[in-house]
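Trainee:
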Ligand code: GLN
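In our numbering, the protein residues as written are 11 to 586.
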């Protein structure tokens with residue numbers, strides 16, 4: 011056991027704990043996982059994070075390198091000429107990192123260090139006073155390193171408070187379970203999987219894991235990466251952490267050390283776990299080709315929209331060109347690359363493609379960009395891409411919009427689900443094949459399958475019973491009886507409910523005034539009676555009784571301004 015810090019020699023050599031915490035927050039522990047001991051050098055990567063947060067990357071790199079040394083942890087190894095420590099995992103580099111923590115005075119700086127370690131552990135950690143005193147009384151070598159760093163200008167002020175802060179950080183009391191949670195927080199891109207609080211910004215995680223991977227185990231770092239294959243860090247009190255990015259963190263505690271100052275059983279446990287559970291980082295089991303769960307055409311699966319005979323005939327001929335790709339898992343560079351390959355190949359003889367994101371669990375930034383480029387590229391050959399279930403991935407919409415603000419509305423097609431996507435693509439084919447669709451022309455009674463098999467005379471009987479009701483844009487509705495709900499259709503999401511109206515209220519006033527299409531949707535919730543005022547009648551009123559029209563317009567303006575006030579109020583309330 012470490013004896014150069016006298017207090018550490020008092021540990022029980024038989025203590026042995028193993029804890030594994032997954033990025034999903036599952037904790038597995040065995041042995042002395044609740045035994046307290048001091049964190050020692052395992053504090054180094056976490057304080058390096060603080061240095062990165064408080065300074066630009068260039069500043070940090072000018073004070074501490076990131077090259078493995080192959081030297082012992084306490085080697086006084088500084089680069090010739092510059093005096094820059096080679097990496098933040100050896101003592102010299104850790105003391106230099108401690109000097110980069112921002113704060114007006116040593117007390118504030120130390121509190122920030124303790125808070126950072128606590129955020130990673132998910133609990134308020136405290137310092138072990140006895141170990142701190144013991145190390146402070148005997149830490150001449152580290153003090154010497156501090157003065158060397160001051161000599162080379164790596165530390166810009168009195169080195170003693172910085173070395174003191176370093177002794178304190180090493181003396182923070184933790185358990186093996188804390189260590190595993192801290193490691194899992196690094197595995198989980200900086201978010202503590204138990205508290206769900208962010209401990210550091212995700213962008214620093216890869217830097218810290220980078221130095222842990224190459225330098226974390228000192229002069230054993232090379233063999234460690236070769237055998238175990240996980241970024242790791244050890245401390246002389248017997249703790250070890252190992253991180254498998256995206257998956258899990260391991261904490262092991264056993265005080266007996268090997269000659270390099272790494273916990274002997276700590277190394278053996280990680281070695282075994284890595285082999286037994288295939289955890290080596292360079293043995294990535296991620297199979298990107300499985301990103302396409304299922305692929306089929308709109309001939310195999312049609313939308314639930316009822317179609318007429320002539321429409322069905324058209325679809326029979328063209329639906330083969332509508333292809334659905336059901337994607338699954340995480341969309342990253344490699345998996346989206348597979349998707350892009352398929353779409354580019356299939357689009358050359360197709361009508362449209364549907365990317366069904368229902369089973370996708372995550373899309374990273376790079377995948378969003380590639381999908382954007384794909385949409386743009388396929389649009390140039392007249393091939394639209396429709397996305398489903400986008401509501402779960404708001405950043406996909408954001409990236410798309412950010413990269414093509416002018417074309418976003420036209421090119422980014424997103425609908426709630428696969429059924430809507432199929433319907434959208436079928437409509438597209440029908441429009442292409444039959445540009446003057448039934449919607450505008452209107453159907454003859456004999457076109458209705460409802461009347462199939464009826465003679466002309468029988469059809470006439472039926473026609474006599476029918477009463478036509480027309481609904482036109484630009485009509486003002488005066489709600490006389492019943493209740494309606496106003497909602498806003500949002501592309502790719504459920505409509506947002508804006509409110510409901512009862513008798514005495516009017517709707518449709520915006521379209522009456524500006525003659526543009528409806529902006530919201532009105533649904534009858536009960537039986538409803540409305541009186542209608544058409545645009546033509548409203549105009550006629552203007553010529554015959556202009557004074558009445560003026561009064562109506564004034565009232566409409568009042569109603570609209572009341573609505574605008576309410577909306578303004580809500581926007582204001584949501585901003586605070
Ligand atoms: N506090 C110890 C020292 O500076 C930390 C060293 C270690 O854990 N490897 O010597």
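Where is the CB? At the ideal position from N, CA and C, for every residue including glycine.
1. Let me make sure I understand the geometry here. Which of 303, 497, 418 has the alpha-carbon closest to that of residue 510?
2. Residue 181 to residue 124, Cα distance in whole Å?
3. Starting from residue 389, follow the alpha helix (DSSP H) in both directions and report where the run begins and ends.
4. Would residue 23 pass as a contact of residue 265 if the rule is Cβ separation under 7 Å?
5. Work out the CA separation of residue 437 and residue 283 for me, nearest whole Å.
6. Among 60, 57, 167, 184, which residue has its Cα nearest to the Cα of residue 42?
7. Using DSSP with H/G/I as helix, E/B as strand and the rest coil, what is residue 449?
8. Using only the alpha-carbon positions, how far apart do residue 254 and residue 378 sit?
9. Applying the 10 Å Cβ sphere with the 16-neighbour rule, what's the burial state of residue 441?
10. Work out the CA separation of residue 539 and residue 449 for me, nearest whole Å.
11. If I'm right that residue 518 touches residue 493 with Cβ under 8 Å, what's the distance once you round it to whole angstroms?
12. Run the CB neighbour count on residue 159, radius 10 Å, all protein chains shown included, and call it buried at 16 or more, exposed below.
13. Go through the residues and name those whose CB comes closer than 6 Å to any heavy atom of the ligand GLN, in chain order.
14. Measuring alpha carbon to alpha carbon, tell me which of 71, 544, 530 ends up nearest residue 487.
15. Thinking C-beta only, is residue 172 closer than 7 Å to residue 108?
16. For the candidate residues 259, 300, 574, whose alpha-carbon lies nearest to that of residue 36?
17. For residue 155, which option in 144, 168, 143 has the closest C-alpha, if you only look at C-alpha atoms?
18. Which same chain residues, not among the five before or five after residue 403, have their C-beta less than 6 Å away from its C-beta?
19. May I ask which residues mark the beginning and end of the beta strand (DSSP E) holding residue 337?
20. Fully enclosed by the stretch 425-510, which alpha helix (DSSP H) runs are 4 residues long or longer?
21. Based on DSSP bridge pairs, tell me the residues matched to residue 276.
22. Bridge partners for residue 208 per DSSP, in chain order?
Mentor: By the coordinates alone:
1. Against the chain shown, residue 510 aligns to sequence position 500. When only C-alpha atoms are compared, the closest one is 497.
2. As a position in the chain shown, residue 181 is number 171, starting the count at 1. As a position in the chain shown, residue 124 is number 114, starting the count at 1. Taking the straight line joining both Cα atoms gives about 11 Å.
3. The count along the chain shown starts at 1 and reaches residue 389 at position 379. Note, residue 389: alpha helix (DSSP H), 375-389.
4. Numbered from 1 along the chain shown, position 13 holds the residue referred to as residue 23. Numbered from 1 along the chain shown, position 255 holds the residue referred to as residue 265. Yes. Within cutoff.
5. As a first step, residue 283 must be located in the chain shown, where it is residue number 273. As a first step, residue 437 must be located in the chain shown, where it is residue number 427. Each residue's alpha carbon lies about 55 Å from the other.
6. Working through the chain shown from its first residue, we reach residue 42 at position 32. Nearest C-alpha to residue 42: 184.
7. One-based indexing of the chain shown puts residue 449 at position 439. Bear in mind that a pLDDT of 46 at residue 449, under 50, signals an unreliable position, so the model cannot answer this.
8. By one-based count along the chain shown, residue 254 stands at place 244. By one-based count along the chain shown, residue 378 stands at place 368. Cα to Cα, residue 254 sits roughly 25 Å from residue 378.
9. The residue given as residue 441 occupies position 431 in the chain shown. Flag for residue 441 reads exposed.
10. Translated into the one-based positions of the chain shown, residue 449 becomes position 439. Translated into the one-based positions of the chain shown, residue 539 becomes position 529. Note that residue 449 has pLDDT 46, beneath the 50 cutoff, so the model's placement of it is unreliable and the number below is only indicative. Straight-line Cα distance between these residues: approximately 26 Å.
11. Indexing the chain shown from 1 puts residue 518 at position 508. Indexing the chain shown from 1 puts residue 493 at position 483. No, residue 518 and residue 493 are not in contact; Cβ-Cβ is about 16 Å, not under 8 Å.
12. Here residue 159 corresponds to residue number 149 of the chain shown, with the count starting at 1. Label assigned to residue 159: buried.
13. 50, 51, 83, 84, 101, 145, 152, 180, 245, 246, 271
14. Taking the first residue of the chain shown as position 1, residue 487 is located at position 477. Minimum Cα distance to residue 487 is reached at 544.
15. Against the chain shown, residue 108 aligns to sequence position 98. Against the chain shown, residue 172 aligns to sequence position 162. By the CB criterion at 7 Å, residue 108 and residue 172 fall inside the cutoff.
16. In the chain shown, residue 36 corresponds to position 26, counting from 1. Of 259, 300, 574, the residue nearest in Cα terms is 259.
17. For the purposes of this step, residue 155 is taken as residue 145 along the chain shown, with counting starting at 1. Closest option to residue 155, Cα to Cα, is 168.
18. Position 393 of the chain shown, counted from the start, is the residue given in the question as residue 403. Contacts found: 373.
19. As a working note, residue 337 is residue 327 in the chain shown. Where residue 337 is concerned, the enclosing beta strand (DSSP E) stretches over 332-341.
20. DSSP runs (the alpha helix (DSSP H)) wholly in the stretch 425-510: 428-443, 448-451, 466-475.
21. As a first step, residue 276 is located in the chain shown; it is residue number 266 there, counting from the start. Beta-bridge pairing links residue 276 to no other residue.
22. Translated into the one-based positions of the chain shown, residue 208 becomes position 198. Paired residues: 201.
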